[in-house]
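Peer 1:
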Amino acid sequence: MSVINWLYMSDCLGVLVFAVSGALAAGRRSMDIFGVLVIAFITALGGGTLRDLVLGIHPVSWIGNPVYLLLVTIAVVLTLMGQRITHRFDQRIMLVSDAFGLAVFTVIGVQVALHQAVSAPVAIMMGVVTGTAGGAIRDIICNDIPLILKREIYATASALGGIVYCILDALQFAIVANTLISMSCVLVLRLWAVKAQWALPSFVLEK
Amino acid sequence: MSVINWLYMSDCLGVLVFAVSGALAAGRRSMDIFGVLVIAFITALGGGTLRDLVLGIHPVSWIGNPVYLLLVTIAVVLTLMGQRITHRFDQRIMLVSDAFGLAVFTVIGVQVALHQAVSAPVAIMMGVVTGTAGGAIRDIICNDIPLILKREIYATASALGGIVYCILDALQFAIVANTLISMSCVLVLRLWAVKAQWALPSFVLEK
Amino acid sequence: MSVINWLYMSDCLGVLVFAVSGALAAGRRSMDIFGVLVIAFITALGGGTLRDLVLGIHPVSWIGNPVYLLLVTIAVVLTLMGQRITHRFDQRIMLVSDAFGLAVFTVIGVQVALHQAVSAPVAIMMGVVTGTAGGAIRDIICNDIPLILKREIYATASALGGIVYCILDALQFAIVANTLISMSCVLVLRLWAVKAQWALPSFVLEK
């Protein structure tokens, strides 16, 4: 199977996982079925949409390829049908899947940005945006301060993966190797941080 | 009067109605006059702006045509001047006007999207975005979870209208007939849902 | 020093000031270092980004010029390092710097918009968006109703500056003179409003 296909399938898996996590968040706020669909869509595709808008890429990914909308719908149907099961699995499976989604989206975001010939800092940023903005917008709509701004290493894992990708890309590594290495960096750092409850220091101002 | 003119006038009426509803929402949160103007603008034109950005249409509707900004300003002035009267009418007249605005914006959104040659699911989505995103952004700014994610049939009426439009369009119905039929679908379903207090089932997860 | 250079340096100063104000806001909500960086970035560059997206300008300012990202990073590092000092200076120095940032961003926003040949009302709006939207998005993310919708003359000072700029521009004033005059208008009105605690009347609806 070619690299593109392999990465595309990982991307689809990432969309499914993020859509499920969005649907569960909506369920925790007693939204109706339409609301669940919207939040799932935004969680899964919001980051990539924001990236494409800022980089001026048209058409936006899910407009050009109807598979993405289909995947979100499938994820929502599965979540609603299997809600007790999904909910029970929440903690373990979701954490790992979510870390996997973060890794895939980060690398895809960096690749898309580099393809537009932007500078490395912007490409790294676009990786972080692709990986984390969907979840952040979900939290804003659900009326929370986005978790990634307060939580243990999450966006930081994404940023590190982006940095690794850009360095290896500058060193002319093959795309396959580079993709695997930087995805692994995100995955390992993220899971390690969850396990060790390791977090960035907070900046606390007395009011 | 030609179809275009007739639809354009409905569009202007929709902008007026949505701007008034935005101004009233701002008044309920004691914003200053500038805040009222901003919220009215976002409620009336936010959905169409988001649609144009995502579809890559430039210039955005209200930038190309200054009439829209004028209409929002007029709506705000009228709301501020007649505030006790508008407030009293709120329940009845506003519900019907709002349903009318939803119907017009939905159909216009679908038409604009189909004109960009996107697939039917994307076109239906853009109809829903045009009809509901302005109100949703208003709710987020006003620090609420958007009502449309929790409330009785609203976005669902919009989606249904979009589906009807796309089907009739595929069957090569004349635009006038199609516009009238799908607008009526939105209007009837929405008003019926309000009357019957009919809602989509909620997805409630125990926490 | 040429006008462009002079305006560019003011722009950089504006980015620094707004980034510091964003970092302080994040600190008040105990975000981690990554969150501080994000909020600083959004406060400083969010308004200009929104303006470029709506006007269809690509690449967005900070993508084309890496200096902006560097400035935000420097501002965050300085804020974190000197946090007690910055915090003590908060009230006085920050108010004046913030008013200065508002003045610069407003004028730059109007200039960029006029360069795209939009109508004067749209140009004035883009000035206000450039000057205030970053702070507004910061407040939405931090889960507040944006201050500028409720507070004393802020966006109004920005709008007035934009109006003055458009009038002088129509009267064919030299750009240097026009820039200085309209920036002064924003600055004076804003500082005067703070001093006099002068505010727009609120629109309060009984619930």
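Residue numbers (the numbering used here), protein chains in the order written: chain A, 5 to 211; chain B, 5 to 211; chain C, 5 to 211. Every residue gets a Cβ at the ideal spot worked out from N, C-alpha and C, and that includes glycine.
1) A:Gly138 and A:Gly51 look like a contact to me (Cβ under 8 Å); what is the Cβ gap, rounded to whole Å?
2) Leaving aside the five residues before and after C:Leu57 along the sequence, list all residues of the same chain whose C-beta is less than 8 Å from its C-beta, in chain order.
3) Is the Cβ of C:Met13 closer than 8 Å to any Cβ of chain A?
4) Scan the region 112-135 of chain B for residues whose Cβ lies nearer than 8 Å to a Cβ of chain A and list them as they occur along the chain.
5) Could you tell me the alpha carbon to alpha carbon distance between C:Met129 and C:Thr53, rounded to whole angstroms?
6) Assign B:Val19 to buried or exposed, taking buried as 16 or more other Cβ atoms, counted over all protein chains shown, within 10 Å of its Cβ.
7) Taking only the alpha-carbon atoms, compute the straight-line gap between B:Ile157 and A:Val42 and give it to the nearest angstrom.
8) Between the region 103-110 of chain B and the region 178-195 of chain B, can you find at least three pairs of beta-carbon atoms closer than 8 Å?
9) Measure the C-alpha to C-alpha separation of B:Val80 and B:Gly60 and round it to an integer number of angstroms.
10) Within 10 Å of its beta-carbon, does C:Lys211 have 16 or more other beta-carbons around it, so buried, or fewer, so exposed?
11) In its own chain, which residues sit with a C-beta less than 7 Å from the C-beta of B:Met5, not counting the 5 before and 5 after it?
12) Can you confirm whether the region 131-145 of chain C touches the region 160-178 of chain C when touching is taken to mean that 3 or more C-beta pairs between the two stretches lie within less than 8 Å?
13) Where do the ends of the alpha helix (DSSP H) carrying B:Leu193 lie?
14) List, in chain order, every chain D residue whose beta-carbon is nearer than 9 Å to that of C:Ile149.
15) Report the three-state DSSP secondary structure of A:Asp148 (helix, strand or coil).
16) Starting from the N-terminal side, write out each stretch of the alpha helix (DSSP H) that is 4 residues or longer and does not extend beyond the region 10-71 of chain A.
17) List, in chain order, every chain A residue whose beta-carbon is nearer than 7 Å to that of C:Val108.
18) So with CB distances below 9 Å, who are the chain C contacts of A:Thr160?
19) Roughly how many whole angstroms lie between the Cα atoms of B:Ala30 and B:Asn9?
20) Between A:Ile67 and the rest of its own chain, which residues show a CB-CB distance below 8 Å, the 5 nearest in sequence each way excluded?
21) Among B:Ser123, B:Thr77 and B:Gly113, which has the Cα closest to the Cα of B:Ser162?
22) Among the residues of its own chain, which have a CB less than 8 Å from the CB of A:Phe177, if the five just before and after it don't count?
23) For a quick check, are the C-beta atoms of A:Arg142 and A:Thr47 less than 8 Å apart?
24) Relative to the C-alpha of B:Gln115, which candidate in B:Leu172, B:Arg33, B:Val40 and B:Lys199 has its C-alpha closest?
25) Give a yes or no on whether 8 Å exceeds the smallest Cβ distance from B:Val64 to chain C.
26) Quick one: is C:Ala117 buried, meaning 16 or more other Cβ sit within 10 Å of its Cβ, or exposed?
27) Using beta-carbon positions only, say whether C:Phe104 and C:Val40 come within less than 8 Å of one another.
28) Helix, strand or coil for A:Gln115? Go by DSSP, reduced to three states.
29) Please identify the residue among C:Leu49, C:Arg55, C:Leu99 and C:His62 whose C-alpha is closest to the C-alpha of C:Ile76.
30) Reducing DSSP to helix, strand and coil, say where C:Ser101 ends up.
31) Let me see if you follow: with CB-CB separation under 8 Å, is B:Leu57 close to chain C or not?
32) So C:Gly60 contacts chain B; which residues on that side make the cut at Cβ distance below 7 Å?
33) Cβ of C:Ala140 within 8 Å of Cβ of C:Pro125?
34) Does the beta carbon of B:Ile179 come closer than 8 Å to any beta carbon on chain C?
Peer 2: On the basis of the data shown:
1) Indeed, because the Cβ distance is near 4 Å, the residues count as touching under 8 Å.
2) If we look at C:Leu57 and ignore the five residues flanking it on each side, its Cβ neighbours are Val64.
3) No, no contact with chain A.
4) Val122, Ser123, Pro125, Val126 and Met129
5) 14 Å
6) buried
7) 14 Å
8) yes
9) Roughly 29 Å between the two C-alpha positions.
10) Low confidence applies to C:Lys211: its pLDDT is 45, below 50, so where it sits in the model is not reliable, and the reading given next is rough at best. By the neighbour-count rule (16 or more Cβ atoms within 10 Å), C:Lys211 is not buried but exposed.
11) Summary for B:Met5: the model assigns pLDDT 48, below 50, so the residue's position carries little reliability, and this model does not support an answer.
12) yes
13) For B:Leu193, the enclosing alpha helix (DSSP H) begins and ends at Ile179 to Ala200.
14) Any reference to chain D falls outside this structure, whose protein chains are A, B and C.
15) Coil.
16) 37-59 and 65-68
17) The premise fails here: C:Val108 is roughly 23 Å from chain A at the closest Cβ pair, so nothing lies under 7 Å.
18) Asp36, Ile37 and Phe38
19) Our two residues, B:Ala30 and B:Asn9, have alpha carbons roughly 31 Å apart in a direct line.
20) So no residue of the chain qualifies.
21) Comparing Cα-Cα distances from B:Ser162 to each of B:Ser123, B:Thr77 and B:Gly113, the minimum goes to B:Gly113.
22) Ile185
23) yes
24) For the residues B:Leu172, B:Arg33, B:Val40 and B:Lys199, the minimum Cα distance to B:Gln115 belongs to B:Leu172.
25) For B:Val64, the answer is yes, since a Cβ of chain C falls inside 8 Å of its Cβ.
26) buried
27) no
28) Three-state result, A:Gln115: helix.
29) Reading off the sequence, residue 76 of chain C comes out as Val, not Ile. Considering only alpha carbons, the answer is C:Leu49.
30) helix
31) yes
32) His62 and Pro63
33) no
34) no
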